[in-house]
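Below: the structure, in structure tokens.
Take a look at the structure:
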């Protein structure tokens with residue numbers, strides 16, 4: 012219950028889905044959270060649910076000014092900011108050649124530039140509150156390609172690279188930076204999409220948000236004090252290998268002669 016008793020975390024995209032699960036998990040371990048999102052009603056409801064250890068901030072991750080205001084709120088109300096969880100993200104699909112420049116720019120602006128702006132705004136506060144941690148939520152799409160998911164894939168590879176470059180720069184200041192790479196997670200973001208083609212990995216299923224939050228708690232905590240610049244794959248075995256084609260009925264080679 013006190014693993015995060017000294018921690019104050021700012022979570023982008025924190026009003027629902029994985030972000031809300033991260034907020035609940037951090038508070039359950041004794042931490043305090045600022046829930047950042049553009050979904051004001053849901054964010055305020057979650058803050059009320061969590062009580063005095065949570066605050067809500069309207070946060071458009073594409074706005075440097077909004078990031079600065081959220082960081083200032085954390086320091087003013089909770090005294091410090093010791094963790095940043097860059098969780099906000101969107102997805103869109105489209106075959107190459109039909110996928111528009113606007114689609115591309117929109118997803119990169121939120122998923123990658125938003126992460127950069129959050130780090131830029133939070134870093135001074137994180138350095139004042141060391142030991143501190145940045146957790147960037149990437150994806151298995153940041154490890155491998157995915158057809159018709161071009162902007163999302165490019166952004167998540169970018170988050171992975173940004174994680175490593177920032178980690179190399181700020182480690183000596185007591186700030187650790189790591190990326191988390193979930194597979195399919197049952198959240199509102201994927202509702203309405205057919206993700207069956209992605210498969211269920213070795214475990215044959217997608218994840219619940221709370222399963223990802225357990226890893227986020229570890230990375231926010233001082234238990235991960237020697238962990239930085241790393242990528243944590245939490246995908247149920249999706250990237251472990253190719254699924255079996257099924258049992259072999261007999262050993263006869265039925266391929267046509269060539």
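Numbering (the numbering used here), first residue to last: 12 to 269. Where is the CB? At the ideal position from N, CA and C, for every residue including glycine. Owing to the predicted nature of the structure, the values given are computational and were not obtained by experimental measurement.
* Pick helix, strand or coil for residue 89, following the three-state DSSP scheme. => helix
* Asked: Does the beta-carbon of residue 29 have 16 or more other beta-carbons within 10 angstroms, so that it is buried, or is it exposed?
  -> buried
* According to DSSP, what are the bridge partners of residue 219? -> Residue 219 is not bridged to any residue.
* Reference residue 80, options 110, 143 and 45, closest by Cα -> 45
* Going along the chain, which residues of its own chain have a beta-carbon closer than 8 Å to the beta-carbon of residue 50, five neighbours each way excluded? -> 26 and 27
* For residue 44, verify whether its CB is less than 7 Å away from any heavy atom of the ligand ADP. => The ligand ADP is absent from the structure shown, which contains no ligands of any kind.
* **Residue range of the unbroken beta strand (DSSP E) whose run includes residue 48** => 43-48
* Asked: For the alpha helix (DSSP H) that contains residue 135, what are its first and last residues?
  -> 125-139
* At 3 residues or longer, and completely inside the region 73-120: list those beta strand (DSSP E) runs for me, N to C. => 94-97
* **Straight-line gap, residue 38 to residue 77 (C-alpha atoms, nearest Å)** => 23 Å
* To do: State whether the region 137-151 contacts the region 220-236, with contact taken as three or more CB pairs (one from each stretch) at a distance under 8 Å.
  => yes
* To do: Using a Cβ cut-off of 8 Å (strictly closer), state whether residue 190 contacts chain D.
  => Within the model displayed, chain D is absent; a lone protein chain is all it includes.
* Asked: Is DSSP giving residue 33 helix, strand or coil here?
  -> helix
* For residue 143, which residues does DSSP report across the bridge? -> 186
* To do: Quick one: residues in its chain with C-beta nearer than 7 Å to the C-beta of residue 239, no 5 flanking neighbours on either side, listed in chain order?
  => 178, 182, 187, 188 and 189
* Close beta carbons around residue 250, own chain, < 7 Å, minus the five adjacent residues each side -> 151, 154, 155 and 244
* Asked: Straight-line CA distance for residue 253 to residue 213?
  -> 9 Å
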